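Working notes, beginning with the structure itself.
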Amino acid sequence: MQLSTLLPILALLATPVLSVNPHRRHAAKGVDHARAVERLATVVERREVDKRAASIAAGHPRALETKPKRKVVRKRGATCRAKTSSTEAAAATPTEVAATKTSSSEAAPAATTSSSSLDAEENYTNPTQVSQTQTEDTNQNQNNNQNNYQTQTSEAAESQASATATSTSAAAAASSSAASSSGGSSNNGNYTPNGIKAGIAGGDAYDQCEAHIGWWYDWSANPSGHSGTPIAVPMLWGAGTVDSTDASRLDVFKAISSTPQYIMGFEEPDCSTWGSANIDVSTAAGLWNTLIGPWKAKGSTLISPSMCHQAAEQYIGWLGSFEKQISVPWDITNIHVNKNNMDGVKADIDYYWNTFGKPIWVTEFACVDDSSSFIPCTDQSEINTYINEIVDLFEGDSRVHAYAYSNGDGLGDVWPMYSNGALSQSGQTYINAISKYH
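The sequence shown maps to residues -19 to -1, 1 to 419 in mature numbering (1 follows the signal peptide of the UniProt record, and there is no 0).
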């Protein structure tokens, strides 16, 4: 066949191919004209091919295009990966972040193919450049996710630290409160009457002391004869066997009907000397369990029996044995201090605190040389110094919650607060000393 005969046929063949996509900016590269000429053996075969091509093109305009395998460059800030919102990213755990990244990587090819079909000619790009760009994008997103996670972790840690600090702060306050309730703190309202440690044993000087004391007692079950702010503390002096006064006091104590704020047990039951209750441990424990212990359930604060032997009680063991036999424990340890120096006073306090570990009331203190016997101080200067020093010591010791100047018998002529119907110099020294605190 001559070339002149083929030219019209070739022109006819070119027309439908170019009309496949008339709106494209560039001609499609899908059909190579030179190779088409070589493949056609006859006009009939070419026309059959053209018919099939035309039919396919009519339904799918770009079906005949040969598309290179490439990835689409991100344009105008768009991305093929689905983004996680900032809130979700911040809340995501490391496992969730990793899962999101994997899902995004798997979804990327499908999104790329879709974009490729829409912008085939405009987006020809070097595949290596595209790969680098997407790698940078991936790294950037990974960094963002990591930063989000680190920020979230840091905030959570700070929140936890704050909560822990708050929890730790709350726990320390509760522990301090518990320590106070167990007697570890000074001036606890349950252990210090009216919040004032100072008091008096005996009511002779009550009127002169009233403005400076928080409590008082007179060794009876019903302290009377005085009214005012200082709290009157009842006492079960003995078992009713020493004398008629002892028996009368026991009867009065049994008749108590209203709940006292404080109840004091037994006057020096470990001694048989005059002025002491002299009760054996078993009898005292029975009386405590029957007459004193039940008041605790009603709201009274219980004060232990006082020891005649002071720190020497450790060799007698009366109070330790008593503690084991009672069914209701005391709240406050009751001690007497008859010393003429502060080292001796401190030794007494240390013993009872270290042995029983409870708040201490010194329900009697007096200037006495007890190194070899019981010898009351007679020098006024010595007594004045002693009073000032011991008041300062008691006020400064958190283990001591109350103390009382002893105005009892057997303490000589200089020590008593009240003498010949008037306040003594010793009594005035005590008032001056406690006035600095109350």
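Virtual Cβ for every residue (Gly too), placed ideally from N, Cα, C.
Quantities reported herein were computed from a predicted structural model and do not represent experimental measurements.
Inter-residue Cα distance where the pair is residue i and residue j
{"i": "Phe355", "j": "Val349", "result": "7 Å"}
{"i": "Ala202", "j": "Cys190", "result": "21 Å"}
{"i": "Ser238", "j": "Asn171", "result": "21 Å"}
{"i": "Ala160", "j": "Val381", "result": "Residue placement at Ala160 is poorly supported in this model, since its pLDDT is 37, which falls under 50; the coordinates are not used for a value here."}
{"i": "Gly338", "j": "Glu376", "result": "19 Å"}
{"i": "Leu404", "j": "Ile364", "result": "15 Å"}
{"i": "Ile177", "j": "Met288", "result": "23 Å"}
{"i": "Ser229", "j": "Ala236", "result": "11 Å"}
{"i": "Val214", "j": "Gly246", "result": "11 Å"}
{"i": "Pro286", "j": "Ile244", "result": "10 Å"}
{"i": "Cys252", "j": "Ser416", "result": "34 Å"}
{"i": "Gly393", "j": "Gln361", "result": "12 Å"}
{"i": "Glu249", "j": "His419", "result": "29 Å"}
{"i": "Gly221", "j": "Ala414", "result": "37 Å"}
{"i": "Trp197", "j": "Ser353", "result": "31 Å"}
{"i": "Trp299", "j": "Pro357", "result": "25 Å"}
{"i": "Ser400", "j": "Gly391", "result": "14 Å"}
{"i": "Asp188", "j": "Ala292", "result": "33 Å"}
{"i": "Gly165", "j": "Ser281", "result": "At Gly165, the pLDDT of 36 sits below 50, so the modelled position is not reliable; the number obtained from the coordinates is stated separately. Roughly 19 Å between the two C-alpha positions."}
{"i": "Thr366", "j": "Asn270", "result": "42 Å"}
{"i": "Ala258", "j": "Ser225", "result": "12 Å"}
{"i": "Lys320", "j": "Thr254", "result": "18 Å"}
{"i": "Gly274", "j": "Thr173", "result": "20 Å"}
{"i": "Trp396", "j": "Ser387", "result": "9 Å"}
{"i": "Trp200", "j": "Met216", "result": "6 Å"}
{"i": "Val223", "j": "Gly256", "result": "9 Å"}
{"i": "Pro340", "j": "Lys305", "result": "19 Å"}
{"i": "Thr264", "j": "Asn369", "result": "39 Å"}
Three-state secondary structure (DSSP) of residue i
{"i": "Leu392", "result": "coil"}
{"i": "Pro397", "result": "coil"}
{"i": "His193", "result": "helix"}
{"i": "Pro174", "result": "helix"}
{"i": "Tyr296", "result": "helix"}
{"i": "Tyr418", "result": "coil"}
{"i": "Ala144", "result": "Confidence at Ala144 is low in this model, with a pLDDT of 42, below 50, so the placement of that residue is unreliable and no value is reported for it."}
{"i": "Thr381", "result": "Checking the sequence, you will find Val at residue 381 rather than Thr. It is a strand residue."}
{"i": "Ile307", "result": "coil"}
{"i": "Leu21", "result": "Annotation note: pLDDT 44 at Leu21 (below 50); position unreliable, no value reported."}
{"i": "Cys289", "result": "coil"}
{"i": "Gly301", "result": "helix"}
{"i": "Trp413", "result": "Looking at the sequence shown, residue 413 is not Trp but Asn. Note: Asn413 maps to helix in three-state DSSP."}
{"i": "Ser205", "result": "coil"}
Test item: CB-CB of residue i and residue j under 8 Å
{"i": "Lys277", "j": "Val309", "result": "yes"}
{"i": "Tyr333", "j": "Ile316", "result": "yes"}
{"i": "Leu272", "j": "Trp311", "result": "no"}
{"i": "Gly408", "j": "Ala186", "result": "yes"}
{"i": "Trp342", "j": "Ile371", "result": "no"}
{"i": "Glu345", "j": "Ala182", "result": "yes"}
{"i": "Met398", "j": "Tyr384", "result": "no"}
{"i": "Tyr262", "j": "Phe303", "result": "The question names Tyr, but residue 262 is Val in the sequence shown. Yes, they are a contact pair."}
{"i": "Gln242", "j": "Ile194", "result": "no"}
{"i": "Lys279", "j": "Thr336", "result": "no"}
{"i": "Asp331", "j": "Val318", "result": "no"}
{"i": "Gly206", "j": "Gly184", "result": "yes"}
{"i": "Ala266", "j": "Ile307", "result": "yes"}
{"i": "Asp232", "j": "Trp218", "result": "no"}
{"i": "Asp323", "j": "Leu268", "result": "It should be pointed out that residue 323 corresponds to Met in this sequence rather than to Asp. No, the pair does not count as a contact, with Cβ atoms beyond the cut-off."}
DSSP bridge partner residues for residue i (one or two, in chain order)
{"i": "Asp350", "result": "Ile356"}
{"i": "Ser387", "result": "Ala182"}
{"i": "Tyr367", "result": "Note: Tyr367 sits in no beta bridge, so no partner."}
{"i": "Leu283", "result": "Ile244"}
{"i": "Ala213", "result": "Trp197"}
{"i": "Leu404", "result": "Tyr399"}
Cβ of residue i within 8 Å of any chain B Cβ
{"i": "Gly219", "result": "The chain labelled as chain B is not found in the depicted structure, where only one protein chain is given."}
Q) Which parts of the stretch 312 to 347 are runs of the alpha helix (DSSP H), unbroken and 4 residues or longer, counting only runs that do not cross its ends? A) 323 to 337
Q) Which runs of the beta strand (DSSP E), 3 residues or longer, sit entirely within the stretch 219 to 281? A) 243 to 246
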